[in-house]
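Asks:
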Amino acid sequence: MKKLPILWFLLGTALFMQAQDTFSIVAVDPVTGEVGSAGASCVQGAGSIGGVILLNGIIPGRGGINAQAFICINPHINLDNAMARMEEGLSPQEIIDWLLENDECFSQNFDPSYRQYGIADFGPGGQPRTAAHTGSNADDWKGHITGSNYSIQGNILKGPEVLDSMEARFLATEGSLAFKLMAAMQGANMVGADSRCTAAGTSSTSAFLRVFRPEDEPDAPYLELNVAETPTGVEPIDSLQQLFHEWVMTGTAQQQTGNSWFQFYPNPSSGRSRLFTNDLQRAAGSIIRIYNLQGQLLLEKKFGGQGMEVLLPAKGILLLQISTPTGQILHTQSVVNTE
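For the sequence shown, this note's numbering assigns the number 28 to the initial residue and increments by one for each residue that follows.
#1: Just curious, the beta strand (DSSP E) that residue 198 is in, first and last residue?
#2: Rounding to the nearest angstrom, what Cα-Cα distance links residue 302 and residue 337 in this structure?
#3: Run the CB neighbour count on residue 423, radius 10 Å, all protein chains shown included, and call it buried at 16 or more, exposed below.
#4: Any idea which residues DSSP pairs residue 63 with across the strands?
#5: Residue 339 to residue 208, Cα distance in whole Å?
#6: Taking only beta-carbon atoms, is residue 199 less than 7 Å away from chain D?
#7: Could you tell me the distance, in whole angstroms, from the CA atom of residue 226 to the CA atom of residue 100?
#8: Between the beta-carbon of residue 92 and the beta-carbon of residue 146, is there less than 7 Å?
#9: So the beta strand (DSSP E) residue 343 belongs to, where does it begin and stop?
#10: Note the first and the last residue of the continuous alpha helix (DSSP H) segment covering residue 27.
#11: Hey, would you say residue 96 sits closer than 7 Å to residue 142, going by beta carbons?
#12: Return the CA-CA distance between residue 264 and residue 231, expressed in angstroms with no decimal places.
#13: Taking only three categories from DSSP, how would you classify residue 74?
#14: Take residue 211 and list the residues in its own chain whose beta-carbon comes closer than 6 Å to its own, dropping the five residues that flank it on each side.
#15: Between residue 160 and residue 123, what straight-line distance do the alpha-carbon atoms span, to the nearest angstrom?
#16: Going by beta-carbon coordinates alone, are residue 176 and residue 362 separated by less than 7 Å?
#17: Would you please state the rounded distance, in angstroms, between the beta carbons of residue 238 and residue 245? I believe it to be under 8 Å.
#18: Just to confirm my understanding: we take residue 255, look at its own chain, exclude 5 residues before and 5 after, and list those with CB closer than 7 Å. What are they?
#19: In terms of alpha-carbon separation, which member of 206, 205, 202 and 216 lies closest to residue 191?
#20: At 3 residues or longer, what runs of the beta strand (DSSP E) sit wholly inside the segment 137 to 167?
#21: Sorted by chain position, which residues of the same chain lie with C-beta nearer than 6 Å to residue 85's C-beta, five sequence neighbours on each side aside?
#22: In terms of residues, what are the limits of the alpha helix (DSSP H) holding residue 355?
#23: Quick one: measure Cβ to Cβ for residue 158 and residue 120, integer angstroms, because I've assumed they're closer than 8 Å.
#24: I'd like the list of long-range same chain contacts for residue 187, defined as Cβ closer than 7 Å, with 5 residues on each side in sequence excluded.
#25: Would you identify the three-state DSSP class for residue 222, choosing helix, strand or coil?
#26: Just how far apart, CA to CA, sit residue 251 and residue 346?
#27: In the DSSP assignment, find the alpha helix (DSSP H) that holds residue 183 and state where it starts and stops.
#28: For the alpha helix (DSSP H) containing residue 89, name the first residue and the last one.
#29: Can you list, in chain order, the residues of its chain whose CB lies under 7 Å from that of residue 243, leaving out five sequence neighbours each side?
#30: Going by DSSP, what residues sit across from residue 307 in a beta bridge?
#31: Going by DSSP in three states, residue 111 sits in which element: helix, strand or coil?
#32: Measuring only the C-alpha atoms, how far is residue 349 from residue 316?
#33: In the DSSP assignment, find the unbroken beta strand (DSSP E) run with residue 338 in it and report its ends.
#34: Need the endpoints of the alpha helix (DSSP H) that residue 251 sits in, please.
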């Protein structure tokens, strides 16, 4: 006999609450080994269950899974089973195949045609792998897009333009996985992205973004931002962006790959700063890139000598990234230009 969860809800139809996990992305970064996810939904009462962040599960250094559409919670049994299969070493497509044969959520009578999944992971050789499934009975508009290292999926959307815009922003944004995920969320920042929020003038009511580094513990992500629920008419993706700005401003981003080989000062700056290294051999040939918070590349130049002047190309919070000619990231930090 299948075990019933303590509480379950139907995404898109009012049972205990009006709820649905609508648009989301899960991705891996083959350069840094990071795994991340972001998503949003128009869910009244989402705050009472901690927000729609519950749709995602991540195993640091291995991969991530988003399980949405009609779901059970407490526990999110299909997601829990999917994570267990990932721990066992199954590939993304093998996990989905297993879920379709072993659905344990009693919402819609254990019918997998009401479910939606997106998975991204690292294979045995470290290569990224992805797979997705959109059940035929999930609410329209529904669909998914997979790339070499990402899966984007959604249901009860205003149309395919939501996912298309998320993909375009994710691919066009340079910088770390966190910046790319934030850009993808901004791609869905349109009225009625989740069609139930059209009247409220927002995309959704709940949003999240999280990134794990390979060395992170499962319960201690490098980055986790959660807008559990916003008041009617308040855009949660804007709230998420503000939290992201604050995260960058704290200098937490520097912990990602920062090291003592490079020093950037003064910071904050009035437009002119100096970049200095105490390890010429390691710094030789490295490339300096500066991005804005939308992930747009503003400056790119070769690092020269032991130190050099850097003219910051824009006002506000910027991301400084230093990498080898082959793309290995040596140093990342936030910098502030006050003028």
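A virtual CB, placed ideally from N, CA and C, is assigned to each residue, including glycine.
Replies: So, from the listed chains and residues:
#1: Where residue 198 is concerned, there is no enclosing beta strand (DSSP E), although the alpha helix (DSSP H) it sits in stretches over 188 to 199.
#2: 7 Å
#3: Missing from the structure shown is residue 423; the chain here goes from 28 to 366 and no further.
#4: 54 and 238
#5: 24 Å
#6: Protein chain content of the structure displayed is limited to a single chain, and chain D is not contained in it.
#7: 28 Å
#8: yes
#9: 343 to 350
#10: A query on residue 27 cannot be resolved here, the shown segment of the chain reaching from 28 to 366 and no further.
#11: yes
#12: 8 Å
#13: helix
#14: 52, 193, 196 and 197
#15: 7 Å
#16: no
#17: Residue 238 to residue 245, Cβ: 13 Å. No contact.
#18: 73, 74, 77, 78 and 233
#19: 216
#20: 142 to 149 and 155 to 161
#21: 62, 91 and 239
#22: First-last for residue 355: undefined, no H or E at that position.
#23: 4 Å
#24: 168 and 170
#25: helix
#26: 19 Å
#27: Unbroken run through residue 183: none, as it is neither H nor E.
#28: From DSSP, residue 89 is part of no alpha helix (DSSP H); its letter is neither H nor E.
#29: 87 and 249
#30: Answer by DSSP bridge pairing: none, since residue 307 is not bridged.
#31: helix
#32: 6 Å
#33: 334 to 338
#34: Where residue 251 is concerned, there is no enclosing alpha helix (DSSP H), although the beta strand (DSSP E) it sits in stretches over 250 to 254.
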